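Chemist: Sharing a structure with you now.
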Amino acid sequence: MNKLVDIHVSIGKKGLLLFLLHCYWLLFTLFGLVLFGLLPATNAVYELCNDEKYQEANAIKLFQSFAKSFRKNFWRMNRLGLFILPLAALFSIDLMLMRHYVFTEADTTVYLLIQLLIVISLLFLANLFWFFQHERAWKPMLKKSLILMLGKPGLTGQIFVLMVGISCCYYLLPGLFFVFGVTPLVYFQLNLFKQKDAYVFLPEKKHTTV
Numbered sequence: 001m002n003k004l005v006d007i008h009v010s011i012g013k014k015g016l017l018l019f020l021l022h023c024y025w026l027l028f029t030l031f032g033l034v035l036f037g038l039l040p041a042t043n044a045v046y047e048l049c050n051d052e053k054y055q056e057a058n059a060i061k062l063f064q065s066f067a068k069s070f071r072k073n074f075w076r077m078n079r080l081g082l083f084i085l086p087l088a089a090l091f092s093i094d095l096m097l098m099r100h101y102v103f104t105e106a107d108t109t110v111y112l113l114i115q116l117l118i119v120i121s122l123l124f125l126a127n128l129f130w131f132f133q134h135e136r137a138w139k140p141m142l143k144k145s146l147i148l149m150l151g152k153p154g155l156t157g158q159i160f161v162l163m164v165g166i167s168c169c170y171y172l173l174p175g176l177f178f179v180f181g182v183t184p185l186v187y188f189q190l191n192l193f194k195q196k197d198a199y200v201f202l203p204e205k206k207h208t209t210v
C-alpha cells in the first residue's frame, strides 16, 4: 500500500514539474515575442529536466532557474535559430500542402520524401538540444547530433515512437497539450538518453554527469 502511495506521489510531483515548466515555457516564449523566445525557452526546459536537482524544486526556485537559463542562452540559441529556420519553413510549407493540395499518385513519392525529411529533421533537432547542454562549439554539436541519430538507430527509433505517441495523445486529448506542451517529450527523451548511454557521445569530462 505504501509503495502504491509512493508511486502516486512520484507521478504527481513529475506532473507538477512538467506543468510548471510548460507555464514558464509559455511565459518566456511570449516574453521573447515568440520568434526570439521559443528556442531559449525550449532550451531552458531541456536544461532543467536534465538536472536532477530541479526535480524537487519549488515553483519559485524553478522559475528563477528557468529565467537564468533563458537569459544565459538567449543570444546563443537565437544564433542556432538561423540554422533551424529553414527546417521550420519546410515544416510550415508541408502543413500548408497537407491542408490545401490534392495529391495525385505522381506526387505521392515526393510527398513521402518530404515527410521523411521532416521526421529526420525533428529527430536531429531533439539531439541538437541535448548536445547544446554539453558542447560549446557549433561544429562538434552538429556532428555529434548527426552521429547519435545514425549511430544508435534503436534509440532514434524509440524517440520517434515517443514523438508519435505523445502526438497521438494530444490529438485524442487536445486539452493535455495546453497543460503540458513540449515538456513530456523533453522529459522522456532525456530519460531515454540516460538509459541508452547517450553520454558516450559527450565530452570526456561530462561522461559521468546524470
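Quick note: the sequence shown uses UniProt numbering, first residue 1, plus one each step.
Even glycine gets a Cβ: it sits at the ideal position worked out from N, Cα and C.
Since the model is a prediction, treat every value here as computed from it, not as a measurement.
What is the DSSP secondary structure of residue 211, counted as helix, strand or coil?
Modeler: Here the chain has residues from 1 to 210 only, and residue 211 is not among them.
Chemist: Just the Cα atoms here: how many angstroms apart are E135 and K144?
Modeler: Numbered from 1 along the sequence shown, position 135 holds the residue referred to as residue 135. Numbered from 1 along the sequence shown, position 144 holds the residue referred to as residue 144. Their backbone Cα atoms lie some 10 Å apart in a straight line.
Chemist: Going by the CB atoms, is the gap between L39 and N78 shorter than 8 Å?
Modeler: Translated into positions along the sequence shown, residue 78 becomes position 78. Translated into positions along the sequence shown, residue 39 becomes position 39. Contact flag set, yes.
Chemist: With H, G and I counted as helix, E and B as strand and the rest as coil, what does DSSP make of G81?
Modeler: Residue numbering aside, residue 81 sits at position 81 when the sequence shown is read from its first letter. Helix at G81.
Chemist: Would you check if the stretch 68–83 and the stretch 38–55 touch, i.e. whether three or more CB-CB distances between them fall below 8 Å?
Modeler: Counting Cβ pairs under 8 Å, three or more are found: they touch.
Chemist: Taking 8 Å as the threshold (C-beta atoms), are K194 and K152 in contact?
Modeler: Counted from its first residue, the sequence shown places residue 152 at position 152. Counted from its first residue, the sequence shown places residue 194 at position 194. Cβ atoms of K152 and K194: not closer than 8 Å.
Chemist: Rounded to the nearest angstrom, how far is the Cβ of M149 from that of T156, given a contact under 8 Å?
Modeler: Counted from its first residue, the sequence shown places residue 149 at position 149. Counted from its first residue, the sequence shown places residue 156 at position 156. The Cβ separation is near 5 Å, so the contact holds.
Chemist: How is the alpha helix (DSSP H) around G157 delimited, first residue to last?
Modeler: Walking along the sequence shown from the start, residue 157 turns up at place 157. G157 -> alpha helix (DSSP H) spans 153–172.
Chemist: From this set, I60, F178, I84, L21, which residue's C-alpha is nearest L128's C-alpha?
Modeler: Position 128 of the sequence shown holds residue 128. For the residues I60, F178, I84, L21, the minimum Cα distance to L128 belongs to I84.
Chemist: Taking only three categories from DSSP, how would you classify N127?
Modeler: In the sequence shown, the residue the question calls residue 127 occupies position 127. If DSSP states are grouped into helix, strand and coil, N127 belongs with the helices.
Chemist: For P184 versus I166, is the C-beta distance shorter than 8 Å?
Modeler: For the purposes of this step, residue 184 is taken as the residue at position 184 of the sequence shown. For the purposes of this step, residue 166 is taken as the residue at position 166 of the sequence shown. For P184 and I166, yes; Cβs fall inside 8 Å.
Chemist: By Cβ distance below 8 Å, which residues in the same chain neighbour V179 in space, the five residues on each side in sequence not counted?
Modeler: Residue mapping note: residue 179 aligns to position 179 of the sequence shown, counting from 1. Correct list, in chain order: F19, H22.
Chemist: Straight-line CA distance for K13 to I7?
Modeler: Position 13 of the sequence shown, counted from the start, is the residue given in the question as residue 13. Position 7 of the sequence shown, counted from the start, is the residue given in the question as residue 7. Near 10 Å, if we compare the C-alpha coordinates of I7 and K13.
Chemist: Can you have a look at V34 and say buried or exposed, based on whether 16 or more other CB atoms are within 10 angstroms of its CB?
Modeler: The count along the sequence shown starts at 1 and reaches residue 34 at position 34. So V34 counts as exposed.
Chemist: With a Cβ-Cβ cutoff of 8 Å, do S65 and L90 count as a contact?
Modeler: Looking up residue 65 in the sequence shown gives position 65. Looking up residue 90 in the sequence shown gives position 90. It is not a contact, given that the beta carbons lie outside the stated cut-off.
Chemist: Could you give the residue range of the alpha helix (DSSP H) that holds R28?
Modeler: Stepping through the sequence shown from its first residue, residue 28 is reached at position 28. Per the sequence presented here, residue 28 reads as Phe, with Arg not at that position. Segment 2–31, the alpha helix (DSSP H) holding F28.
Chemist: Could you give the distance in angstroms between the alpha-carbon of F132 and the alpha-carbon of A198?
Modeler: Mapped onto the sequence shown, residue 132 falls at position 132. Mapped onto the sequence shown, residue 198 falls at position 198. Near 14 Å, if we compare the C-alpha coordinates of A198 and F132.
Chemist: Give the C-beta separation of L176 and C168 to the nearest angstrom, bearing in mind that I take them to be a contact with Cβ-Cβ under 8 Å.
Modeler: If you number the sequence shown from 1, residue 176 lands on position 176. If you number the sequence shown from 1, residue 168 lands on position 168. Contact flag wrong, Cβ pair sits at about 11 Å.
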